[in-house]
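Below you'll find the structure, written out as structure tokens, and then a few comments.
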Amino acid sequence: MHATRILMEEHRLIEGVLASLEAAIARLNDGQPVRPGFFVDAADFIRGFADGCHHRKEEDVLFPAMESAGVPRQGGPIQVMLTEHEEGRRLTRSMREAAERLEAGHTQAKDQVVSSADSYVALLRQHIGKEDHVLFPMADEVLDASRQAEVTAAFERIEHEETGADVHERYLAVAQALERETKE
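Numbering (this note's numbering), first residue to last: 828 to 1011.
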């Protein structure tokens, strides 16, 4: 399987969490209660899976492979993706901090939770679109079969040796729990 196919499958899991965040935001905006810990759990998913596993594969493996195949890091799509990863990290921290304040009884933090979560969802939706339709096809074009196999093997090492063999199962369970919570 191409390395980019693995990343695209991970995008589908991330999009499920984005949909759950959108549902939670809508409930808050409609004046309905949402457990503040929902946003903490979503931030944990983002930090652990979207950033800790998925973005790590891109930043530590795919992007360097693309660079070695002639795709420049600066002034092109790789730089844009890296910048957006950093913005996503900032928004996730902001959402988590506001959710923790909201959980501690600071009701004014609700606006920051909504703003940060909504901005994160918007950022990631367009980011995923760019990767799926621009960056990943570019990677498939510049990486030969041998290099693709090396990248895929490196992805497997990240999953099994560094983040734990059950990383996908663990975060799939978190994503499903978030989805169930927004449908109650």
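For glycine and all other residues, C-beta sits at the position ideal for the given N, C-alpha and C.
Asked	Found
Classify A851: buried if its beta carbon has 16 or more other beta carbons within 10 angstroms, exposed otherwise.	buried
Relative to the C-alpha of L970, which candidate in H954, K1010, F890 has its C-alpha closest?	F890
Express the C-alpha separation of R952 and L834 in angstroms, rounding to a whole number.	14 Å
Please check the pair S895 and T1009, which I expect to be a contact at CB under 8 Å, by giving their CB distance rounded to whole angstroms.	That belief does not hold up - the Cβ atoms of S895 and T1009 are roughly 42 Å apart, past 8 Å.
With DSSP as the reference, label E902 as helix, strand or coil.	The residue you asked about is not Glu; residue 902 is Gly in the sequence shown. Coil.
Please confirm whether V978 and A892 have their CB atoms less than 7 Å apart.	yes
Excluding the 5 residues preceding and the 5 following V940 in the sequence, name in chain order all residues of the same chain whose CB lies nearer than 8 Å to its CB.	L855, P863, F866, M922, A925, A926, L929
The alpha helix (DSSP H) spanning Q953 covers which residue range?	937-957
Who are the near neighbours of K937 in its chain, counting only those whose CB is closer than 7 Å to its CB and skipping five residues on each side?	L855, L929
Can you tell me whether P863 is helix, strand or coil according to DSSP?	helix
Check whether the Cβ atoms of V948 and L840 lie closer than 7 Å to each other.	no
Which residue comes first and which comes last in the alpha helix (DSSP H) that contains L834?	830-856
Quick check: the Cα distance between G879 and V861, rounded to an integer number of angstroms?	26 Å
Note down the Cα distance separating P899 from A870, rounded to an integer number of angstroms.	31 Å
I believe A1002 touches G843 by the beta-carbon criterion, under 8 Å. Please report the beta-carbon distance rounded to the nearest angstrom.	5 Å
Taking the C-alpha atoms as reference points, what is the distance between G903 and D967?	16 Å
By Cβ distance below 7 Å, which residues in the same chain neighbour R916 in space, the five residues on each side in sequence not counted?	D878
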